[in-house]
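Everything in the sequence shown is counted per the numbering used here, starting at 6 for the first residue and increasing by one.
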Amino acid sequence: MTVLSKADLLEGLRESRPARLQELYERADSVRKEHVGDAVHLRGLIEISSHCARQCMYCGLRAANRDLERYRMTREEILNCALQAERLGYGTVVMQAGEDDRLTAEWIEEIVWWIKRETSLAVTLSLGERRQEELQLWRTAGADRYLLRFETSDKKLFRAIHPSRSPAGPDRIALLRTLKTLGYEAGGGVMVGIPGQSFASLADDILTFRALDLDMIGIGPYIGHASTPLGSGALRPPIDPSEQAPSNEEMVYKMLALTRIVCPNANIPSTTALATINKVHGRKLGLKAGANVVMPNLTPVKYRRLYQIYPAKACIDESATDCNQCLRGQIHSLGRFAGRGTGARGTLEMPASIVPDLSSALVQLQA
Ligand code: SF4
Numbered sequence: 006m007t008v009l010s011k012a013d014l015l016e017g018l019r020e021s022r023p024a025r026l027q028e029l030y031e032r033a034d035s036v037r038k039e040h041v042g043d044a045v046h047l048r049g050l051i052e053i054s055s056h057c058a059r060q061c062m063y064c065g066l067r068a069a070n071r072d073l074e075r076y077r078m079t080r081e082e083i084l085n086c087a088l089q090a091e092r093l094g095y096g097t098v099v100m101q102a103g104e105d106d107r108l109t110a111e112w113i114e115e116i117v118w119w120i121k122r123e124t125s126l127a128v129t130l131s132l133g134e135r136r137q138e139e140l141q142l143w144r145t146a147g148a149d150r151y152l153l154r155f156e157t158s159d160k161k162l163f164r165a166i167h168p169s170r171s172p173a174g175p176d177r178i179a180l181l182r183t184l185k186t187l188g189y190e191a192g193g194g195v196m197v198g199i200p201g202q203s204f205a206s207l208a209d210d211i212l213t214f215r216a217l218d219l220d221m222i223g224i225g226p227y228i229g230h231a232s233t234p235l236g237s238g239a240l241r242p243p244i245d246p247s248e249q250a251p252s253n254e255e256m257v258y259k260m261l262a263l264t265r266i267v268c269p270n271a272n273i274p275s276t277t278a279l280a281t282i283n284k285v286h287g288r289k290l291g292l293k294a295g296a297n298v299v300m301p302n303l304t305p306v307k308y309r310r311l312y313q314i315y316p317a318k319a320c321i322d323e324s325a326t327d328c329n330q331c332l333r334g335q336i337h338s339l340g341r342f343a344g345r346g347t348g349a350r351g352t353l354e355m356p357a358s359i360v361p362d363l364s365s366a367l368v369q370l371q372a
C-alpha cells in the first residue's frame, strides 16, 4: 500500500497541469493492473424501488419530491432481472433502492435466497441504513456485499445535506464497520463537488476509505437536481470559494486515481454518474484512471426514468442487451476483458484466451 499523506493527497487534488495529471492517471492505471489485473467486472444493477422515506437535500428520490412518479418492482420482475444477469454473463447483481420501509426484511431475504439457490451470482444490496438484525438476516440468506456511500466524511456537511430520520440515527461509518463484522464485503463512497465540500475534505474521504479498508469504493460527481434544496440553490452550505472542490469530471478522475493508489486492491467502479457528465468517454476515462468495475443497468426500461436521484442519467433508454454490448465494446477497446467470475475483492482473473493455453500446457506436462 502506498502511503500518501494528507498533504500529498491535497497536492494531487489541486493539480491542474495536464502532464502531471497524465502521470497521475498512468500511475493509478499501473497500480490497478498490478493489484486487480485487466478484468473489468460487470455488476448488473436492479433499481428495485424509487420510494424513499428520507429527505436528503441533493437527491431526486427524497420523500418531499412530489413531482416524481414512484414504483416498486415485483418479486417476479426482480427475479427475471437476475436470470437475465446470468444469461448475459455478469457475475453480480446489485439490488438498490431508496429507504423504502415496505421492502420488508423477510421479502428481501426470500429474494436473496432464491437468487443464491437458482444462480451463481454474487448478490450486493444497497438499501440504505437498515437495522443490524436485518443486515444479519440477509447475510445469512447469502447476500455477499452491501453498499452504503457516506457521501462526505465532513460531518457538518453530511448533517446539513442528509438529515437523520431520528435524532439518534445510525452513523454510516459505524454501519460500514458493522457490515464488515457481519462478513459482508463493504462498499462506501462519496460524491465529488457537493456545494460546501472542500479539497481538504476530499483528501479526508480518501483517508477514510483507507482507514475502513473498504472492499468497494464508489466515486461520482455531484449532479444537481432542480427539485431538491441543494440543486435549486435554496440550501447553500457556507465555504470559502477558493476551497470549494469543483464537480467536474477532471476532479472525479483525480479522486479515482488517488483512491486507487491508496487502496490498491479495492473494487472501484467507473460510475454511471461519470458517464452522465461525459456520455461519450466518461466510463472509459474512469477505467483508465484506476477503476475496474462497471454497472450495466438491468432495471426494466419503463422504470429507469423514474429512478431519478439526479437528472438526465446516462443509459436510461437502452435495453439490457444493448448496455451489455456497449460496455463490453468499451472494455475491449481499452485492451482489457470482461470478468467472468463474481469479482470478489482480491481475485485476479486471467483473460479467457489464456485459460485454454494453460490447460493444453498442463495436458502436455502430464503426457
Ligand atoms: S440519497 Fe438515498 S436515502 Fe437519501 S433521499 Fe435519496 S434514495 Fe433516499
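Yeah, the Cβ is synthetic: ideal placement off N, Cα and C, and Gly gets one too.
Every value quoted in this text rests on a predicted model; they were computed, and no experiment measured them.
Which word fits residue i, buried or exposed, when buried means at least 16 other C-beta atoms lie within 10 angstroms of its C-beta?
| i | result |
| --- | --- |
| E254 | buried |
| S237 | exposed |
| W143 | buried |
| Q27 | exposed |
| V98 | buried |
| D159 | buried |
| E52 | buried |
| T326 | exposed |
| V267 | buried |
| V8 | exposed |
| R265 | buried |
| S252 | buried |
| G295 | buried |
| A191 | buried |
| A231 | exposed |
| D322 | exposed |
| D72 | exposed |
| T347 | buried |
| R19 | exposed |
| G65 | buried |
Output the distance between the C-alpha atoms of residue i and residue j, rounded to the nearest integer angstrom.
| i | j | result |
| --- | --- | --- |
| A24 | G287 | 19 angstroms |
| K11 | E39 | 24 angstroms |
| R154 | G223 | 7 angstroms |
| L353 | I178 | 28 angstroms |
| S365 | R345 | Caution is warranted here: a pLDDT of 48 is assigned to S365, below 50, making its placement in the model unreliable, and the coordinate value is therefore given only provisionally. The alpha-carbon atoms of S365 and R345 are separated by roughly 20 angstroms. |
| R310 | T79 | 17 angstroms |
| A102 | R67 | 12 angstroms |
| G198 | K259 | 12 angstroms |
| L367 | A343 | Residue placement at L367 is flagged as unreliable, the pLDDT there being 48, under the threshold of 50; the coordinate-derived value follows with that caveat. Approximately 25 angstroms, taken between the alpha carbons. |
| H337 | V285 | 16 angstroms |
| L126 | V117 | 10 angstroms |
| L370 | P356 | Only weak support exists for where L370 lies, its pLDDT of 48 falling under 50; the value from the coordinates is given anyway. Cα to Cα, L370 sits roughly 22 angstroms from P356. |
| D13 | G225 | 21 angstroms |
| N85 | G94 | 14 angstroms |
| E31 | W112 | 45 angstroms |
| P200 | S358 | 47 angstroms |
| A372 | L261 | Confidence at A372 is low in this model, with a pLDDT of 44, below 50, so the placement of that residue is unreliable and no value is reported for it. |
| L207 | A349 | 26 angstroms |
| L29 | R170 | 40 angstroms |
| S247 | R241 | 15 angstroms |
| L339 | A90 | 23 angstroms |
| P269 | R164 | 30 angstroms |
| V413 | T276 | Nothing about residue 413 can be read from this structure; the chain reaches only from 6 to 372. |
| A69 | R22 | 43 angstroms |
| I83 | A205 | 41 angstroms |
| R215 | G147 | 26 angstroms |
| R92 | N329 | 11 angstroms |
| L235 | M256 | 20 angstroms |
| Q313 | A239 | 20 angstroms |
| L332 | Y315 | 22 angstroms |
| L180 | L88 | 30 angstroms |
Please say whether residue j and residue i have beta carbons closer to each other than 8 angstroms?
| i | j | result |
| --- | --- | --- |
| S54 | D106 | no |
| N283 | L290 | yes |
| G49 | P274 | no |
| P168 | Q60 | yes |
| F96 | L263 | Contrary to the premise, residue 96 reads as Gly rather than Phe in this sequence. No, the pair does not count as a contact, with Cβ atoms beyond the cut-off. |
| E81 | A110 | no |
| G196 | Y227 | Here residue 196 turns out to be Met, not Gly, going by the sequence shown. Yes, the Cβ-Cβ distance between M196 and Y227 is below 8 angstroms. |
| G3 | E134 | This structure does not reach residue 3, given that the chain is present from 6 up to 372, and the question cannot be answered. |
| R75 | H56 | yes |
| L217 | G193 | yes |
| D210 | T124 | no |
| M221 | A278 | no |
| R341 | D34 | no |
| N297 | V36 | no |
| S203 | I244 | yes |
| A250 | T281 | no |
| S324 | V299 | no |
Assuming residue i contacts residue j under a Cβ cut-off of 8 angstroms, what Cβ separation, rounded to an integer in Å, is found between them?
| i | j | result |
| --- | --- | --- |
| T233 | Y63 | 6 angstroms |
| L187 | Q141 | 6 angstroms |
Uninterrupted alpha helix (DSSP H) stretches inside the segment 158-195 (no shorter than 4 residues): Within the segment 158-195, the runs of alpha helix (DSSP H) that reach at least 4 residues and sit entirely inside it are, in chain order, 160-166, 177-186.
Problem set entry | Secondary structure, beta strand (DSSP E): runs of 3+ residues fully inside the segment 68-116 | Along the segment 68-116, the beta strand (DSSP E) occurs as fully enclosed runs of 3 or more residues at 97-102, listed in sequence order.
Segments assigned alpha helix (DSSP H), at least 4 residues, entirely inside the segment 223-282
Those alpha helix (DSSP H) runs which fall completely within the segment 223-282 and span 4+ residues are 234-237, 254-267, 277-282.
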